[in-house]
Amino acid sequence: MAVTGEAIDKIKDMITNGLLRPGDRLPKEADLASELGLSRSSLREAVRALSLIHVLDVRQGDGTYVTSLEPARLLEAMSFVVDFHRDDTVLEFLEVRRILEPAATAMAAERITDRQIADLRAHLAALGSAPTVEDLVSNDLEFHRQVCTSSGNTVLASLLDSMSGPTTRARVWRGLTQEGALTRTMSEHEAILDALAAHDTEGARAWATIHIVSIEQWLRKTLNDRA
-1 MAVTGEAIDK IKDMITNGLL RPGDRLPKEA DLASELGLSR SSLREAVRAL SLIHVLDVRQ
59 GDGTYVTSLE PARLLEAMSF VVDFHRDDTV LEFLEVRRIL EPAATAMAAE RITDRQIADL
119 RAHLAALGSA PTVEDLVSND LEFHRQVCTS SGNTVLASLL DSMSGPTTRA RVWRGLTQEG
179 ALTRTMSEHE AILDALAAHD TEGARAWATI HIVSIEQWLR KTLNDRA
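Under our numbering, the residue at position 222 of the sequence shown is numbered 220, and the numbers go up by one with no gaps.
As structure tokens, this is what we get:
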């Protein structure tokens, strides 16, 4: 494992130092192993590990390439890990969302385009006035994804997107059990969108916070009651 870790670090150094750039093909295995002072087996393990986290792309019969290294691509691995969360950590994910998502929404208020606003309005309108819980949650996830994308910060948007999964079941649970939850969610979405359309940075931040806190408070109370 230590040898593989060393091999990973050496390949990483080549990328961070600019010797290998996004889209570049790695030298042949034997040549690269010799250049880095590694055994071919440890190099092979390092390549396999880096391909799992989307730093390298192994193309059968063609070679191994550095990926685009775009945040969304690299954070796919985090999304995979997040899927293994325990139910008792959902509140922690909501706490992180409460910190990050209002900031992303405020940034979106500064940068969102008329076309993006129109797309968001069409997205909310497509839900109708009496959606099912499942349809509302699906619409909710996509709404927040589009808002975060509108922030123009790909790292922040990708990070929040990778963390959305753990809260999905809580959103469905709330929709099924809390009276008025569907109407409240739809109303808060409209308030967030109105703030975005007005380019009201602090209003967007405030409504995003209210929106997340409402489900966080409900979940905390529900879990306490069950305990």
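The C-beta atom is built at its ideal place from N, Cα and C for all residues, glycine as well.
Per the coordinates, the alpha-carbon of Trp216 lies some 55 Å from the alpha-carbon of Ser37. In this structure, the straight-line span from the alpha carbon of Ile6 to that of Thr152 is close to 26 Å. A straight-line Cα-Cα distance of about 8 Å links Arg143 and Leu158. Per the DSSP secondary-structure output, Leu54 pairs in a beta bridge with Val64. Shown here, Arg19 sits in coil according to DSSP, grouped into three states, outside any helix or strand.
In this structure, Ala202 places its C-beta atom within 8 Å of the C-beta atom of Thr103. In terms of Cβ geometry, Leu122 and His187 form a close pair [threshold 8 Å]. The C-beta separation of Phe141 from Leu174 comes to about 19 Å, leaving the pair out of contact by the 8 Å criterion. By the C-beta density criterion, Leu17 is exposed, having fewer than 16 other C-beta atoms within 10 angstroms. Within the region 164 to 214, the alpha helix (DSSP H) runs of at least 4 residues that lie entirely inside it are, in chain order, 166 to 175 and 179 to 195. Ile97 is classed as exposed because its beta carbon has fewer than 16 other beta carbons within 10 Å across all chains shown.
Distance from the CA of Asp223 to the CA of Ala120, rounded to the nearest whole angstrom, comes to 38 Å.
Under the DSSP assignment, Thr111 falls outside any alpha helix (DSSP H); it carries neither an H nor an E label.
Pairing Pro129 with Leu191 gives a Cβ-Cβ distance that is not under 8 Å. Counting other Cβ atoms within 10 Å of its Cβ, Val56 stays below 16 and is therefore classed as exposed. For Leu24, there is no enclosing alpha helix (DSSP H), as DSSP marks it with neither H nor E.
One alpha carbon belongs to Ser212, the other to Thr147, and they sit about 23 Å apart. Residues of the same chain with a CB within less than 6 Å of the CB of Arg95, apart from the 5 flanking positions on each side, are Ile210 in chain order.
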